Structure formats: C-alpha cells, structure tokens
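Residues in the sequence shown are numbered consecutively from 1, following the numbering used here.
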Amino acid sequence: MIALRNAFYSVLALIVHLLSLAGLFLLLQGEFIAAAQIVVYAGAVMVLYVFVAAYVGAAEEPLWEPIPGQRFLAPLLAAALLVELAIAILGTGLSALDSKGPTLPGGFGTPTQVGNLLLEHFLVVFEAASMLLLVAAVGAVTLAARSRSSDEVDRVEEPAA
C-alpha cells in the first residue's frame, strides 16, 4: 500500500519504521540484532532505495482516485485511533513493561551466539541466502554492463550534427 505521494517521504517513513523495529530489538535485549538492523537496513538498504527513487523520479499523476467520503472518514478514523491509544496508554495494558521478562542465558544476542546459531542450526538456509545474494549481485552487474554498452551503441549510431 502506498500511503505517501512522494517517494522520498515513503523511504523516510520506512527508515523510521526500521529504526523503531531496532528499538523493539533493544527492548528484547538483542543489542547486536538492533545494531545490525540499523546498519544494514536503515543504512545500506535505504541508501539503495533513495538512489532508486531519485533515478526513477516522481510521477506527476495522482496515485489513486479519492474514495467518496474520504475527507469525512479520515478524521473520524484518526479520532478512533487516538481514543484507542489513550485507552491502551492509560489502562493496564502496558503493565508488562515493568517486568524484567524471562531470564536469559549468558551471551544471549552476542555476535558469537548469533554466529553459532546461524552456522550450526541454520547452515543450509544461511548458505542458500548467501547464494541468492551472490546471484543478485552478478545479475545487477550484468544488467548494468548491458545498459552501459547499449548507451554506447546509441551514441555511436547517432549522426554527427
């Protein structure tokens, strides 16, 4: 679902979402996973999305036709959401945040423990993901080289003015 008309605002909203997900990892005492979430997804992948959004450009036509009655329903639904959030915050639904949670084994969430888990229990899945990334990288290089060579052919075939 596209919620924002501007592609850059959509990318920024996704970055905020990924940072809040890293905050949830911190609440679950997964410091390494939170750091990896920020560096890999909110950092590197979002840079790629920004480049793609800048390359493609923004569309001038509207993304969707407005729904009849949308201007009346939107504030009504926003008010209902605010009431629901107020009930959740003021009620007893957030009392679980005061608890310590379950006891965790020593070294939980450390890079050593995550690496051992990946390479001992999920080795086949880890290798399949690495092969998928390798194929994607080779495909991207091939497409970029093909695009560059077709641009050079177009320039050569144009008559000199």
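Just so it is clear, CB atoms sit at the ideal spot from N, CA and C, and this is done for glycine as well.
Please read these numbers as outputs of a predicted model, since none were measured by experiment.
Can you tell me whether residue i is helix, strand or coil according to DSSP?
| i | result |
| --- | --- |
| L104 | coil |
| A86 | helix |
| P75 | helix |
| I165 | Nothing about residue 165 can be read from this structure; the chain reaches only from 1 to 161. |
| F8 | helix |
| I67 | coil |
| H121 | coil |
| Q113 | helix |
| L28 | coil |
| A140 | helix |
| G43 | helix |
| G91 | coil |
| A3 | coil |
Assign residue i to buried or exposed, taking buried as 16 or more other Cβ atoms, counted over all protein chains shown, within 10 Å of its Cβ.
| i | result |
| --- | --- |
| G30 | buried |
| A34 | buried |
Would residue i and residue j be called neighbours here (beta carbons separated by less than 8 Å)?
| i | j | result |
| --- | --- | --- |
| Q37 | L18 | yes |
| F126 | L119 | yes |
| L109 | F32 | As written in the sequence, residue 109 is Gly, which differs from the Leu given in the question. Contact flag set, yes. |
| L4 | M46 | no |
| A78 | F8 | no |
Could you tell me whether any non-hydrogen atom of the ligand SAM is closer than 7 Å to the CB of residue i?
| i | result |
| --- | --- |
| A42 | Looking for the ligand SAM in the displayed structure turns up nothing, as the structure carries no ligands at all. |
Closer than 8 Å is the cut-off here; do at least three beta carbon pairs connect the segment 18-26 with the segment 42-54?
Remark: three or more beta-carbon pairs, one from each stretch, lie closer than 8 Å, so the segment 18-26 and the segment 42-54 are flagged as touching.
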